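**Student:** The listed protein sequences correspond, in order, to chains R, H, E and D.
Our numbering applies: residue 13 is where the first sequence begins, and numbers increase by one.
Our numbering applies: residue 13 is where the second sequence begins, and numbers increase by one.
Our numbering applies: residue 13 is where the third sequence begins, and numbers increase by one.
Our numbering applies: residue 13 is where the fourth sequence begins, and numbers increase by one.
Glycine residues also receive a C-beta, built at the ideal position from the N, C-alpha and C atoms.
It should be emphasised that the depicted structure is a prediction, and the values quoted were computed from it without experimental measurement.
Number of protein chains: 4
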Amino acid sequence: MSTTDRQLRVGMVGYAFMGAAHSQAWRTVNRVYDLPARARMALICGRDAGKVADAADRLGWDAYTTDWRELVTRDDIDVVDVCTPGDSHAEITLAALAAGKHVLCEKPLANTVAEARAMAAAAATAEAAGVRSMCGFNYRRVPAATMMRQLVADGRLGVIRHVRATYLQDWIVDPQFPLVWRLQKDRAGSGALGDIGAHIIDLTQYVTGQLITGVSAVTETFVKERPLPAGSSGLAATVDGAEPADGTGSAGGHGPATGTVTVDDAAVFVARLDGGALATYEASRFATGRKNALRVEINGSLGSVVFDLERLNELEFYDATRPAAEQGFTRILVTEGGHPYMSAWWPPGHIIGYEHSFTHQMRDFIEAVATGADPAPSFADALQVQLVLDAVTRSAELGSSWTEVEPALATVAA
Amino acid sequence: MSTTDRQLRVGMVGYAFMGAAHSQAWRTVNRVYDLPARARMALICGRDAGKVADAADRLGWDAYTTDWRELVTRDDIDVVDVCTPGDSHAEITLAALAAGKHVLCEKPLANTVAEARAMAAAAATAEAAGVRSMCGFNYRRVPAATMMRQLVADGRLGVIRHVRATYLQDWIVDPQFPLVWRLQKDRAGSGALGDIGAHIIDLTQYVTGQLITGVSAVTETFVKERPLPAGSSGLAATVDGAEPADGTGSAGGHGPATGTVTVDDAAVFVARLDGGALATYEASRFATGRKNALRVEINGSLGSVVFDLERLNELEFYDATRPAAEQGFTRILVTEGGHPYMSAWWPPGHIIGYEHSFTHQMRDFIEAVATGADPAPSFADALQVQLVLDAVTRSAELGSSWTEVEPALATVAA
Amino acid sequence: MSTTDRQLRVGMVGYAFMGAAHSQAWRTVNRVYDLPARARMALICGRDAGKVADAADRLGWDAYTTDWRELVTRDDIDVVDVCTPGDSHAEITLAALAAGKHVLCEKPLANTVAEARAMAAAAATAEAAGVRSMCGFNYRRVPAATMMRQLVADGRLGVIRHVRATYLQDWIVDPQFPLVWRLQKDRAGSGALGDIGAHIIDLTQYVTGQLITGVSAVTETFVKERPLPAGSSGLAATVDGAEPADGTGSAGGHGPATGTVTVDDAAVFVARLDGGALATYEASRFATGRKNALRVEINGSLGSVVFDLERLNELEFYDATRPAAEQGFTRILVTEGGHPYMSAWWPPGHIIGYEHSFTHQMRDFIEAVATGADPAPSFADALQVQLVLDAVTRSAELGSSWTEVEPALATVAA
Amino acid sequence: MSTTDRQLRVGMVGYAFMGAAHSQAWRTVNRVYDLPARARMALICGRDAGKVADAADRLGWDAYTTDWRELVTRDDIDVVDVCTPGDSHAEITLAALAAGKHVLCEKPLANTVAEARAMAAAAATAEAAGVRSMCGFNYRRVPAATMMRQLVADGRLGVIRHVRATYLQDWIVDPQFPLVWRLQKDRAGSGALGDIGAHIIDLTQYVTGQLITGVSAVTETFVKERPLPAGSSGLAATVDGAEPADGTGSAGGHGPATGTVTVDDAAVFVARLDGGALATYEASRFATGRKNALRVEINGSLGSVVFDLERLNELEFYDATRPAAEQGFTRILVTEGGHPYMSAWWPPGHIIGYEHSFTHQMRDFIEAVATGADPAPSFADALQVQLVLDAVTRSAELGSSWTEVEPALATVAA
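Structure below.
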């Protein structure tokens, strides 16, 4: 830990799955990295006073509030960390930026392109005043993913020909799984597409250094009607940290009340990248047996890489410049001190977990804020992802017709 | 071996990669399976007298000819095995059927839908006269693939939700790899799409028992100009058993003459199956590091299966009806006596190879012919694959627009 | 987090690799588990005042001291956590137990059987006074390892026939790697045998519920002379958190001073377990490419399990009671809420890392102390491991002759 | 196929599992390799006239006999291929060599050291007269295994430190599996040790180029009494091609008659190699879930290799001279034209199976015989394996005491 006394007082909005993951990262980051500022877990915010009080105590925040507007404007808060469902990202973030707070906002940046555009514009304005903003695509900071980016950037893969990316889960295969907020368009924006598809869109663009220019997509909702959640506990709490639905409708009836699923269960699309690569993408919550299976493979003229989030400490690298008889996919255990982010952790072979990607994210965010640099991915980067999501949705609505992705920069400029 | 004296005298046209693989299968099948007829390797045909004489000697055929028309009409031939490039399938096969010969034709059935339609019609006509025909989608007979089909047919996967299929190779990543016949549209019909894409189309339809109803596709030719092959030997012979191009153009110039690649290097598409599943398909010869990587994953409401041709003795099966804490992908070593086709081979754990799929194919073909049953896949089945290939091509030409697959039966009927 | 106000004030001795790992666990445990007491990171101890002050600040301890005797006797300390090299375990632990402190002692329990015997006896005496003690064989608390134990205990493996256990590393393959304390017998007791071999001895005995009765062993020191460490930084600090050697001899000469490696680089032995199983064990620091490869396979009459620490979120389970054609090793992703320790962490498929085993250990230790139960593994359990280590050493010294393991209980009783 | 007319007329004794595997290899070898002589499947021998007639017809041998003495002395036989159980190897082989026949003898060479010594001596004598002999350790000819040898020979692994070899099967885990000949000492010599342990002894010595100098061993027979086989068919025939026991004792009783298992079910031992490496070996028929799991890992100062017979087309190679951040186990698909033996087979990624190792063996044997070279492994090599087996047996009988392996050459010389 540095000898610095500089503190960054963090106020976090939300305390469910993402809130817990972020808390673990804020708690840990200065214990393992030597940084120019220390994060202080100052204030946590949630709508239910009892629950947020419990969360503050359990997760280790100094204080709590039920009013996010208070949080984003208090003088003793330097950083606002937005961990709420997507429907409130824009409002909270815009207020925080307006109040001069540095902002870390969970992905997807927003539920609509319009919101994301507004947020990116606000971030650009705030940046001029020294305010930093970052979107939480944490998987960029899995060491093996960061290493993929380095290999591509160093030219080790040559010209990229193919990207194939899947993010597969199976937590709603059971038709009796309740209609949690992640299955409601007004709360979540979209389903598998925005929740997990956004990750593979960002990750593959980051790793290749190329942007998706157009897509042809199909989406599907396999189970169109689901029981409403019974309350704040039960299945909902056991799955993905999801909060229950608003409860509208839970009062009625003799059988269990049901509601309509308004988001996609799965989205598949083919795409072209601006460097000439062909790509396939699939995001699904109906891939039985796949729990958190983000898998990316990239083939270039000189080599290939494969990454699997369920084995996130490993990277498979194929180097086609090696002697022919010795070529093969090399399983690199990305746990050496020389690997990205790993010098702070354990000896080689002692693996890290999912949560560490957040710690790495906080490390880079703190460093950027403390040194006055711009962290990545920026809101503009996240807007670009949103534009891809939008193109996917439009293509699916228009019978899979080829749909070009609007350029993010032009959009921001406009 | 059975005590039968009944012989099936086989005449094979072609002696390159497929010819060698079929020869090994014809030679072996009656040595390991007890069948109602014995195959006799009677006659082999090729255009070059010297080469086909060598092939007859090396591969163990009784005699050879350079005239396929003689082969398909000789009285002492019962079965015609068509192993030529796709541009001659229709002509040879139609002549053989007309001569009353049973026909085994390599895939893809033809280079065009029109040819395939004619072949399927001829096969239907011939069938009434007791003549059998079959298309060589040999991967159906890899035991693990057959077992996938059985699991789906037994309802073990429940409702199929997702199919993801890739067939990846990398033998033309080098832009200096020559313009062999497989890269020429007039010989091969298409590129990766028809050569290897056809396999995953057939295999996934076979395993799921569902047909592809529509597609949205992108194809690409990454390297558009390649050197012409120098002759009948050299690289061409070392890669995939490919025969050299016709040599048109090889006469000219001081530098190496080049020619235009007229087929796709890669094809990707999303699809819907008639049972409600979403699917993604990718066929590529530019996937560096992937040598013969046919990989199929199918997710259903009750389970999933994964198959990888580079580890063809294995099947991964996820059974979601097992106790939650014990669920996982089970790596089944498909080498038990009770597994499809395996009773004839070695003890458990003693693996088989690529060529065995052809031996299994010959086993089923001989049995069907000898017992008067119809072997599968029929020419009608193969026509249906051709219709999917055609839909993919048309979609790619029309900006990835959604393109429905014509029903094969209606086509044949018409 | 529970609403309890009960605190357990922890004093930790040592702040290197194990100290950092334990700190992360003490810091986290009450944030994720609801427990009857809260750990307070009260006091840390090390010999160098400057370094321990830095460690206290970095790792988050309230205070520090350079006098472990003060630490073990202070009234405001409830728990003593011993993270020093093995040569000081006995002295510190005995003093702590005498002072009525609960003790968590890192493994191996001691450097000699005599010390371990004294510690186990002291623990037994202290237990009568309500003082708890536990040895830090943390790998028992990797969820997949705990699940192995449950499967065996539930009879799912039937009669155990085979145990094969390896713990392979490669951090001293380079003969220029310096003579750190882990390579010195007077500090470490033994080499690979006690450092990592102890883990697989404990783990396999725990999982099978059987004890090793006899061994036949070979040990080897491949590189017998190594350079002395240059100082407190450098390679030594980068490898396995090792502290530098004492510096004896570092004064001399013009070339780098060297010293003699006094411990084993590798130990291999065959063994019998008291339930009738045959076993093989191997611990090595010379297994090039193996970083932290603790791998255990157990075969029983009804099933088998395989565990690999480099993929610690996975357990392979073979259930021979399943239908023959469906048998295979099932890769269970041990990340479900129903899996041991996992309800507190992330959704399924979001993996945990090495450090989590320590958090689970602290959880069970806190619970035992708070509820007055005896935590496992006890010092008696750890003494039994020490007796196996001793038998291995004696067998190796006596030309691999079969050497019986003394019973731990009898030893303690005497 | 070569244009040669030179024939090698083969007479094979035995027609069970090994007989079928050898037949497939003799039938195939000249179809895929261009060799200076052609094998002719001339004569097959077995004790039961009806069965051997069937085998001749099924496997494709020109003629059969029930008298092996006739076979080894007939003028029209050039090569004798001995595929019987081990108790008849010496008698048949000695007679064949005396008759001037080239001999290929299955492993293990004999049931006793004395027999093996006599055979090696006879082979040395016969060699002077131009008669070739070879022992059938076929796994040396799995391309990935051959490649391991090349890597070691080329110095790519540096100084060998560790060998760990296991050959695990599970076909007699069921105590009701009958007492086939492989479980009888007078027929098989030993159990798992000689049947499969011999393979890993030979393979590791071949790959490392080092010999085992001493061992410390434990063996076990877990199930000591088994039912006698009911007859010539039934379970016995379904498992490993085993022939039934002699039937002694099958006459008696009302319940199923049983007999005593007189061989080991499992053997484990530690060893030293003459180049300084430590080694562990395990052979078992009680490793539930392991079907034919021959697995070898070798660690050297510069690299490591891993081979698994159930995935015999793959070799894992760790090259410690690569940049640190890129090191890892490379999964080489050993199917390239440049890999050992592979130029004759299919394109890259099209895998081969178990039986191909025999075809490769026949290729090298034919070439050696035709060119007057000495094939390997020689009978002297096989005698050395027998001496290791003998040392293992003696060590196990003497309480695992360290037992040195007698030098084979000295033995032969004497």
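#1: Could you work out which residues of chain E lie near A278 of chain D, taking near to mean beta carbons separated by less than 8 Å?
#2: Would you call the region 334-347 of chain E and the region 278-289 of chain R touching, i.e. three or more CB-CB distances under 8 Å?
#3: Where in the region 74-139 of chain R do unbroken runs of the beta strand (DSSP E), each at least 3 residues long, occur, reported from the N-terminal end onward?
#4: Taking DSSP as the reference, what is the three-state secondary structure of Q19 of chain R?
#5: Identify each residue in the region 143-165 of chain R for which the Cβ-Cβ distance to at least one residue of chain E is less than 7 Å, and report them in chain order.
#6: Do F370 of chain R and A33 of chain R have their CB atoms nearer than 8 Å?
#7: Could you have a look at Y151 of chain D and say whether DSSP puts it in helix, strand or coil?
#8: Taking P359 of chain E as the reference, give the member of R:L324, R:V318, R:A388, R:N304 with the closest Cα.
#9: Rounding to the nearest angstrom, what Cα-Cα distance links I104 of chain H and P389 of chain D in this structure?
#10: DSSP beta-bridge partners for V25 of chain H?
#11: Can you give me, in chain order, the residues of the region 347-371 of chain H that have a beta carbon less than 9 Å from any beta carbon in chain D?
#12: Compare the C-beta of R183 of chain D against all C-beta atoms of chain E and say whether one is closer than 8 Å.
#13: Comparing C-alpha positions only, which one of R:E118, R:A133, R:P97 sits nearest to L109 of chain R?
#14: For the alpha helix (DSSP H) containing E379 of chain R, list its first residue and its last residue.
#15: Around the Cβ of R152 of chain D, are there at least 16 other Cβ atoms within 10 angstroms (buried) or fewer (exposed)?
#16: Please name the residue or residues paired with E237 of chain R in a DSSP beta bridge.
#17: Per DSSP, what kind of secondary structure is N325 of chain R in: helix, strand or coil?
#18: Taking A305 of chain E as the query, report the chain R residues whose CB atoms sit under 8 Å from its CB, ordered along the chain.
#19: Roughly how many angstroms lie between the CA atoms of N150 of chain D and A37 of chain D, to the nearest whole one?
#20: Check L314 of chain H in the structure and name its three-state DSSP category.
#21: Starting from S296 of chain D, follow the beta strand (DSSP E) in both directions and report where the run begins and ends.
#22: With DSSP as the reference, label F391 of chain E as helix, strand or coil.
#23: Excluding the 5 residues preceding and the 5 following T178 of chain E in the sequence, name in chain order all residues of the same chain whose CB lies nearer than 6 Å to its CB.
#24: Kindly indicate if chain H contains any beta-carbon less than 8 Å away from that of R323 of chain E.
#25: When the distance is taken between beta carbons, is L83 of chain E closer than 8 Å to A49 of chain E?
#26: Excluding sequence positions up to five away, which residues of its chain have a Cβ less than 7 Å from the Cβ of D207 of chain R?
#27: How far does the beta strand (DSSP E) with A177 of chain H in it extend, from its first residue to its last?
#28: Can the beta-carbon of V91 of chain R be found closer than 8 Å to that of I310 of chain R?
#29: So which of H:E367, H:V230, H:Y353, H:H101 has the shortest CA-CA distance to T429 of chain R?
#30: Applying the criterion that 16 or more other CB atoms from any shown protein chain within 10 Å of the CB defines a buried residue, is S412 of chain D buried or exposed?
#31: Can you give the beta carbon distance from C57 of chain E to T77 of chain E, rounded, assuming they're within the 8 Å contact cut?
#32: Quick check: the Cα distance between A210 of chain H and C147 of chain H, rounded to an integer number of angstroms?
#33: Would you say G72 of chain R reaches chain C, if we count a Cβ-Cβ gap shorter than 8 Å as a contact?
#34: Answer yes or no: does any C-beta atom of chain E fall closer than 8 Å to that of R39 of chain R?
#35: Residues in the same chain with beta-carbon distance under 8 Å from A165 of chain E, minus the five sequence neighbours each way, listed in chain order, please.
#36: From the DSSP output, read off the bridge partner residues of V282 of chain D.
**Tutor:** Taking the coordinates as given:
#1: Chain E residues near A278 of chain D: R173, H174, L290.
#2: Contact between the region 334-347 of chain E and the region 278-289 of chain R is absent, with fewer than three C-beta pairs closer than 8 Å.
#3: Taking only runs of at least 3 residues, the beta strand (DSSP E) segments lying wholly in the region 74-139 of chain R are 75-77, 91-94, 114-118.
#4: Under the three-state reduction of DSSP output, Q19 of chain R falls in the strand class.
#5: Within the region 143-165 of chain R, no residue places its CB atom closer than 7 Å to a CB of chain E.
#6: Yes, these two residues count as a Cβ contact at 8 Å.
#7: Reduced to three states, the DSSP call for Y151 of chain D is helix.
#8: It is R:N304.
#9: Straight-line spacing of the CA atoms in I104 of chain H and P389 of chain D works out to 50 Å.
#10: The partner list for V25 of chain H (beta bridge, DSSP) reads H:C57, H:V94.
#11: Those would be T347, E348, G349, S355, W357, W358, P359, P360, G361, H362, I363, I364, G365, Y366, E367, H368, in chain order.
#12: According to the sequence displayed, residue 183 of chain D carries Trp and not Arg. Taking Cβ atoms only, chain E never reaches closer than 8 Å to W183 of chain D, which makes this a no.
#13: If you compare the alpha carbons of R:E118, R:A133, R:P97 with that of L109 of chain R, the shortest gap goes to R:A133.
#14: Counted as a single uninterrupted DSSP element, the alpha helix (DSSP H) harbouring E379 of chain R occupies residues 368-383.
#15: Counting C-beta atoms within 10 angstroms of its own C-beta, R152 of chain D has 16 or more neighbours from the protein chains shown and is therefore classed as buried.
#16: DSSP, once it has assigned bridges, lists R:T272 as partnering E237 of chain R.
#17: Correct three-state label for N325 of chain R: coil.
#18: Under the 8 Å cutoff, chain R gives G361.
#19: Between N150 of chain D and A37 of chain D, the C-alpha separation is close to 11 Å.
#20: It is coil, neither helix nor strand.
#21: It spans 290-296 - the beta strand (DSSP E) in which S296 of chain D sits, taken as one unbroken run.
#22: In the structure shown, the three-state DSSP call for F391 of chain E is helix.
#23: The residues are E294, R307.
#24: Interface criterion not met: the Cβ of R323 of chain E is under 8 Å from no Cβ in chain H.
#25: In this structure, A49 of chain E lies away from L83 of chain E, with their beta-carbon atoms at least 8 Å apart.
#26: R194, A200.
#27: Counting along the chain, A177 of chain H sits inside the beta strand (DSSP E) bounded by residues 172-180.
#28: No, these two residues do not count as a Cβ contact at 8 Å.
#29: Only positions 13 to 426 of chain R appear in this structure, which leaves residue 429 of chain R out of reach.
#30: Taking a 10 Å sphere around the C-beta of S412 of chain D, we find 16 or more other C-beta atoms and assign the residue as buried.
#31: C57 of chain E to T77 of chain E, Cβ: 5 Å. Contact.
#32: One alpha carbon belongs to A210 of chain H, the other to C147 of chain H, and they sit about 12 Å apart.
#33: As a matter of chain content, chain C is missing from the structure shown, whose protein chains are R, H, E and D.
#34: Residue-level contact by beta carbon holds for R39 of chain R and chain E, with a gap shorter than 8 Å.
#35: These residues qualify, in order along the chain: G221.
#36: Its beta-bridge partners are D:S228, D:T292.
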